[in-house]
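S.K.: I have a structure here, written as structure tokens, and I will follow up with some questions on it.
There are 4 protein chains.
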Amino acid sequence: MEATKVAILGASGYTGMELVRLLLGHPAAQITAATSRSNAGRRIEEVFPRFSQLPGSQLPFIEPDMEAVVASGATVAFLALPHGAAAQYATELLEKGLRVIDLSADFRLREAATYEDFYGETHPAPDLLTTAVYGLPEVHGEAIAAARLVASPGCYPTSILLPLIPLLREGLIDPATIVANSLSGVSGAGRKADPALLFVECNESMRAYGLPRHRHLSEIEQELSTAAGKSVTITFVPHLIPVNNGICTTTTAMLEGDLASVEHALRSTYENSSFVRLLGTGACPDTKNVTHTNFIDIGWQHDERTGRLLLLSAEDNLGKGAAGQAVQSFNIMTGLPDMTGLGTV
Amino acid sequence: MEATKVAILGASGYTGMELVRLLLGHPAAQITAATSRSNAGRRIEEVFPRFSQLPGSQLPFIEPDMEAVVASGATVAFLALPHGAAAQYATELLEKGLRVIDLSADFRLREAATYEDFYGETHPAPDLLTTAVYGLPEVHGEAIAAARLVASPGCYPTSILLPLIPLLREGLIDPATIVANSLSGVSGAGRKADPALLFVECNESMRAYGLPRHRHLSEIEQELSTAAGKSVTITFVPHLIPVNNGICTTTTAMLEGDLASVEHALRSTYENSSFVRLLGTGACPDTKNVTHTNFIDIGWQHDERTGRLLLLSAEDNLGKGAAGQAVQSFNIMTGLPDMTGLGTV
Amino acid sequence: MEATKVAILGASGYTGMELVRLLLGHPAAQITAATSRSNAGRRIEEVFPRFSQLPGSQLPFIEPDMEAVVASGATVAFLALPHGAAAQYATELLEKGLRVIDLSADFRLREAATYEDFYGETHPAPDLLTTAVYGLPEVHGEAIAAARLVASPGCYPTSILLPLIPLLREGLIDPATIVANSLSGVSGAGRKADPALLFVECNESMRAYGLPRHRHLSEIEQELSTAAGKSVTITFVPHLIPVNNGICTTTTAMLEGDLASVEHALRSTYENSSFVRLLGTGACPDTKNVTHTNFIDIGWQHDERTGRLLLLSAEDNLGKGAAGQAVQSFNIMTGLPDMTGLGTV
Amino acid sequence: MEATKVAILGASGYTGMELVRLLLGHPAAQITAATSRSNAGRRIEEVFPRFSQLPGSQLPFIEPDMEAVVASGATVAFLALPHGAAAQYATELLEKGLRVIDLSADFRLREAATYEDFYGETHPAPDLLTTAVYGLPEVHGEAIAAARLVASPGCYPTSILLPLIPLLREGLIDPATIVANSLSGVSGAGRKADPALLFVECNESMRAYGLPRHRHLSEIEQELSTAAGKSVTITFVPHLIPVNNGICTTTTAMLEGDLASVEHALRSTYENSSFVRLLGTGACPDTKNVTHTNFIDIGWQHDERTGRLLLLSAEDNLGKGAAGQAVQSFNIMTGLPDMTGLGTV
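Residue numbers (this note's numbering), protein chains in the order written: chain U, 1 to 345; chain W, 1 to 345; chain G, 1 to 345; chain A, 1 to 345.
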């Protein structure tokens, strides 16, 4: 298997670290450039001692210099950068002929106005919004295969969209009644020296945050609306939980069909999806079964007393919710089997 | 202050341990009997080294022998026993003239049929159901003062009822749209040698459980229905989270009034409640602020996009959700100020 | 009981927070001033929502202005400041007639040269070193009673000194063979926005740090040398462990007497000490029994195969290891019973 | 690469689970039999939902029936059984021609008398003790290659032996002064429904245990004595720490050479060892860098003030401390490169 040369921009945050982990172990990828302003000049293994002595971990981080990235021979670039910064580099890399997998929010929305509404800034590269493919492989797999710019979805959206989309397509739930409660591990907040993210502040603590209008609602509702064929607005309540990794989402909505149709819609949609594990009715997905993997586990249940359907999903926020999903898109873009480099548990 | 002599039955579980902690430190209570089948003959401080050298901690546990409990001089008995067992002892203790604060589910429901429906057993003492007072002091304070049998509510119900009751009374939300998602610390599952509760199984894990019809729904809906003046059925999704103590509940419902009315209803209901802290709109209660206390923190928010009201509450499952609340009822029953023995943080 | 007016300087770190907690609940203390550069103008209950609605928690933080501290009427000042800063304020407060309990390292050493050697700076107020009393109440209780300046010991030293001092005084162990391994909860590292202290970095992590010459060795060896009557040098290895609170220390040394003498030395030294709980031989102290208290639990064991004595101790780094111990000194200085305000578990 | 057929006996504990994980992902092994009394009849993926949908995870557990194990075609058997039980099955499997990698303590000691002394039972198969090879690949690699019975070392011994052996061989430390303090994650205590291992009991807790004569001392001292060429007796203090996985060991001893010799002894011994990462002087190994891997990270430091050498090591108790090490021996026994199936981080 000949390796594709890849670059990782913004490689020293938690998502960047997970990309490094997956791509160091990927049999058909070779990291030729990894950028990090704060760690430029230091080797990957110095910054991440966990990866020490792995082939490729001696590569030094460089400044985010696009000339150097291109010179490294990389043909695919992963961007694990803050929103705003990602758009700027993506533009330049696309011009230079690289394919780009962006893990920021910059290209996930089709409408620049929605971006401005939710992110409070004018979109830095609105022309690219029509080029970008929303990188949810189970939904947009074909478009991803041909894409030059993939906007890889965030962790909350993935955990909410995958259970809901098949049901909205079939009209099996009432979209006006959707309420999603998500629990996130602390790595989802990023690797920033914020006092609220200190061990002592997060340990033995549970709390909601980011209410009532989390930024990720914009992409969630965009994709749900497409699936439903009409505008969908939902309530979304994220919570911060003292685990390192994981998203556990519970979504409720009024059931408008029967449970058998729900099961059929989910099973037929995902029967060929390597990473969606349908646990069936009655099972409660546990994040400990998906951490450090690219799996998302999904269960469902009918609350007959109220008529609601309960949808339960668990994924790793850094895996299927970020880096794993991006590598899954990379596999599709380069014609590799889905599980390549993503098969370990 | 003369001390009331109290007994604790089933004192070696987590709720029992918290009762022991609170009552050892209570300036107007003296533990004269503590029962535990598995620890009979051992001193409190042997079983709970944390309490070693505190006055009263040398008391030995005894078998659950009601004669001995009465002989100890106790006039109030706290029951921290499994449902079923509690009813049996309560009957005997009431006959002997003690007042009983039962922390099990045995006397929380007014209808024996509902008990049978949710607990799968014929109620062991249906005659007492009309005698018992549901021990939520903020709602039934006057009845508690005079009660001979208090059925102290569970941890989930308390966290759901206190935010909702004032709003249902005023008709400010649509009861048919209530969805409650609760996150519980592991002590809520009790001190039993269940492999699913091992450290390694719970740590780095998040999952829903007990779906779709948790037993506590019965008492939650009973009290909500009273407040609403009509039958209320809700969706309730509990989750198990790797913290020792705490309940974090997020409840959503369609708002049928305005936010000012919500605030007014909450503030006027709880203005004299020592243990309800209203954080106001925009604040997200964090369990770390209430662990090992009897406080419940409540916040709220209007999701204008969907018309839903978000109600957020945090309490300690063993505190306001169990032992603290029981001691609060004890204070009311014995004419003490609310905060007696419950003022430390 | 008339309350002594007290000031807390540097009240918004973890030690400061614990001081606030203890002194808000202290029946013979009233906080009249609390300083915090970063939180000046905000009320205590805003910064620490946990303390909300407690009497006294409405007090606003002020800038560290010594005039204002004096004007508040405080007669005792607790200093929870970085070393260096503490010395400066202490000097000023002592001049103005306040008694000072300093929780920093500034006045713990009797020799300015040792300070310079271990802290890398010239001592800022060497004249006060002879005035200061090392605030270990079980060892220097009488001097503390009369002291104007108490240098309250750190968390590691307390856990190492209390088991060792009685044995060194009696010549029961060989001081040249002392090795102390300590495990500390993360709050011991302070409330600073250091990436190494983020939840994700500390959770599921265990590591030694600060080798081979931790600053606290200076005060440990000073006090051990006094007890032994000769110069003592030890090996000390601190480790960072993912718990919020607690120090667990295991100290080994060659036994030079018999185990009965060890037990006698410990029991006779601490028979009147409210906060030292001697668990006896064979018991292993667990930090969970001492967190949020002022207790230190001590066990010991003879490793007959090697001739070593094992000394095991557990305390709360913020309690007996910092704020609790400071309040214990305050009680002694103001003639109160030891346990005043420190009796809750 | 043709796969070797392997059996796992006792596959449903934590070590068994890790063996299943590693061998399901091993490119040159195929699990043909997995035994578990409590789970016989259930598929691997039912018992371990984490492994669901991986090739091979549909295999059902069987009762520990050696005929069935042989019939499965397995030529190598991994035994993750309690001591005592392991010996019995090992004897039978060896007779039937399988090679056995035993992860219990049954064959780690060369002397049956030592076994009886430390384990309190007559050795069940003393004749095999001379056949067995102590499965520490960095020390006994050649013997492992040819072995029919490998006694794979425990987690504590591995973390203590690898840093010490090169130094004892060269006489660089005084063996009489060795003190090892180890911190273990809770999975090291096994997957048993012991109340002391409940989440609530272990979380926010740190404590020593198993003093003063942990069973693993027998194998530690056996191997240290061999390295030193004389009888070595050490002090060993294990502690239980609230992490799932990991061993962090700090060993101290009086240095009898210079630091350069220490570094040379370590580097020359491990220069070709894939899984020993020498971090050098001044570095403190962190368990988070080795969890779920087969690496052991080693650092060292000279405490010049006392003349002691500090040796620091970190490994995963289930990885290099158990299942990973066993698979490493398997690779050696079957002529595979060291890293086969062990290369992921």
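For every residue, glycine included, the Cβ atom is placed at its ideal position computed from N, Cα and C.
#1: Helix, strand or coil for residue 199 of chain W per DSSP?
#2: Can you find the residues in the same chain that come closer than 8 Å, C-beta to C-beta, to residue 186 of chain W, ignoring five residues on each side of it along the sequence?
#3: Please work out which residues of its chain come closer than 6 Å, Cβ to Cβ, to residue 132 of chain U, disregarding the five sequence neighbours upstream and downstream, and give them in chain order.
#4: Is the distance from the Cβ of residue 62 of chain W to the Cβ of residue 87 of chain W below 9 Å?
#5: If you reduce the DSSP assignment to three classes, tell me which class residue 299 of chain W lands in.
#6: Using a Cβ-Cβ distance cut-off of 9 Å, determine whether residue 216 of chain U contacts chain W.
#7: Flag this pair as touching only if the stretch 299-307 of chain G and the stretch 202-221 of chain A have three or more C-beta atom pairs under 8 Å; answer yes or no.
#8: With DSSP as the reference, label residue 123 of chain W as helix, strand or coil.
#9: Please list, in chain order, the residues of the stretch 233-255 of chain G that have any C-beta partner in chain A closer than 8 Å.
#10: Looking at C-alpha atoms only, which residue of A:229, A:123, A:233 is the closest neighbour of residue 177 of chain A?
#11: Would you mind telling me which residues of chain A sit closer than 8 Å to residue 155 of chain G, beta carbon to beta carbon, in chain order?
#12: Could you tell me which uninterrupted beta strand (DSSP E) segments, each at least 3 residues in length, are contained entirely in the stretch 173-232 of chain G, listed from first to last along the chain?
#13: Would residue 90 of chain U and residue 125 of chain U be called neighbours here (beta carbons separated by less than 9 Å)?
#14: If I'm right that residue 345 of chain A touches residue 21 of chain U with Cβ under 8 Å, what's the distance once you round it to whole angstroms?
#15: Assuming residue 276 of chain U and residue 298 of chain U form a contact by the criterion Cβ under 8 Å, report the distance between their Cβ atoms to the nearest whole angstrom.
#16: Output the distance between the C-alpha atoms of residue 269 of chain U and residue 256 of chain U, rounded to the nearest integer angstrom.
#17: Identify, in the order they occur along the chain, each residue of the same chain with its Cβ nearer than 8 Å to the Cβ of residue 332 of chain A, setting aside the five sequence neighbours on each side.
#18: In three-state terms, what does DSSP make of residue 17 of chain A?
#19: Looking only at its chain, what residues have a beta carbon closer than 6 Å to the beta carbon of residue 43 of chain W, apart from the 5 residues adjacent to it on each side?
#20: Whose C-alpha, out of W:273, W:253, W:314, is nearest the C-alpha of residue 288 of chain W?
#21: I'd like to know if residue 54 of chain G contacts chain W, where contact means its C-beta is closer than 9 Å to some C-beta of that chain.
#22: Report the residue ranges of all beta strand (DSSP E) runs contained in full by the stretch 43-108 of chain A; include only those spanning at least 3 residues, in chain order.
#23: On the criterion of 16 or more Cβ atoms from any shown chain inside 10 Å, does residue 181 of chain A qualify as buried, or is it exposed?
#24: Looking at chain A, is there any beta carbon in it that lies within less than 9 Å of the beta carbon of residue 109 of chain U?
#25: For residue 2 of chain U, tell me which candidate among U:336, U:343, U:342 has the shortest Cα-Cα distance.
#26: Which partner residues does residue 236 of chain G have in the DSSP bridge list?
#27: Would you call the CB atoms of residue 323 of chain W and residue 80 of chain W closer than 9 Å?
#28: Can you name the start and end residues of the alpha helix (DSSP H) that residue 37 of chain G belongs to?
#29: Mapping the DSSP letters down to three states, classify residue 284 of chain W as helix, strand or coil.
#30: Please name the residue, chosen from G:115, G:265, G:128, that lies closest to residue 100 of chain G on a Cα-to-Cα basis.
#31: Residue 191 of chain A versus chain W: which residues are under 9 Å apart at the beta carbon?
#32: Grab the span of the alpha helix (DSSP H) containing residue 254 of chain A for me, first residue to last.
#33: Chain A partners of residue 163 of chain U, CB-CB under 9 Å?
#34: Consider the Cβ of residue 115 of chain A: report whether some Cβ of chain W lies at a distance smaller than 9 Å.
#35: Quick check on this structure: which residue in G:209, G:218, G:173 has the alpha carbon closest to the alpha carbon of residue 258 of chain G?
#36: Only counting the same chain, and skipping five residues up and downstream in sequence, which positions put a Cβ closer than 6 Å to that of residue 348 of chain W?
M.R.: The structure says:
#1: If DSSP states are grouped into helix, strand and coil, residue 199 of chain W belongs with the helices.
#2: Excluding positions up to five away in sequence, the list reads 197, 202, 240, 241, 242, 243, 244.
#3: For residue 132 of chain U, same chain residues with a beta-carbon under 6 Å away, outside a window of 5 residues either side, are 107, 149, 151 in chain order.
#4: In this structure, residue 87 of chain W does not lie closer than 9 Å to residue 62 of chain W by Cβ.
#5: DSSP places residue 299 of chain W in the strand class (E or B) of the three-state scheme.
#6: For residue 216 of chain U, no CB of chain W lies under 9 Å from its own CB, so it is not counted at the interface with that chain.
#7: By the criterion of at least three beta-carbon pairs nearer than 8 Å, the stretch 299-307 of chain G is in contact with the stretch 202-221 of chain A.
#8: Here residue 123 of chain W sits in coil by DSSP.
#9: Taking a C-beta cut-off of 8 Å against chain A, the contacting residues of the stretch 233-255 of chain G are 233, 234, 235, 237, 239, 241, 242, 243, 244, 245, 246, 248, 250, 252, listed in chain order.
#10: Shortest Cα-Cα distance from residue 177 of chain A to any of A:229, A:123, A:233 involves A:233.
#11: What residue 155 of chain G touches in chain A: nothing, since even the nearest Cβ is about 13 Å away.
#12: Runs of the beta strand (DSSP E) inside the stretch 173-232 of chain G: 179-184.
#13: Yes. Within cutoff.
#14: Residue 345 of chain A to residue 21 of chain U, Cβ: 6 Å. Contact.
#15: Indeed, because the Cβ distance is near 6 Å, the residues count as touching under 8 Å.
#16: Distance between the alpha carbons of residue 269 of chain U and residue 256 of chain U: 19 Å.
#17: These residues qualify, in order along the chain: 137, 141, 144, 145, 338.
#18: The answer is helix: DSSP assigns residue 17 of chain A an H, G or I state.
#19: Excluding positions up to five away in sequence, the list reads 58, 60.
#20: Comparing Cα positions, the closest option is W:314.
#21: Yes, residue 54 of chain G lies at the interface with chain W (some Cβ there is under 9 Å from its Cβ).
#22: Within the stretch 43-108 of chain A, the complete beta strand (DSSP E) runs of at least 3 residues are 76-79, 99-102.
#23: Burial of residue 181 of chain A is indicated by the presence of at least 16 other C-beta atoms within 10 angstroms of its C-beta.
#24: No, its Cβ sits nowhere closer than 9 Å to a Cβ of chain A.
#25: The closest CA to that of residue 2 of chain U, considering only U:336, U:343, U:342, is found on U:336.
#26: Under DSSP, residue 236 of chain G forms a beta bridge with G:180.
#27: Using a Cβ distance threshold of 9 Å, residue 323 of chain W and residue 80 of chain W count as a contacting pair.
#28: No alpha helix (DSSP H) contains residue 37 of chain G, which DSSP labels as neither H nor E.
#29: DSSP places residue 284 of chain W outside both helix and strand once states are collapsed to three, so it counts as coil.
#30: Of the candidates G:115, G:265, G:128, the one whose C-alpha sits nearest the C-alpha of residue 100 of chain G is G:128.
#31: Simply 195, 198, 200, 201.
#32: Careful: residue 254 of chain A lies outside any alpha helix (DSSP H), inside the beta strand (DSSP E) at 247-254.
#33: Within chain A, no residue comes near residue 163 of chain U; the closest Cβ sits about 17 Å away, beyond 9 Å.
#34: Cβ-Cβ to chain W under 9 Å: no for residue 115 of chain A.
#35: Of G:209, G:218, G:173, the smallest CA-CA separation from residue 258 of chain G is found for G:173.
#36: The question about residue 348 of chain W has no answer, for chain W in this structure spans 1 to 345.
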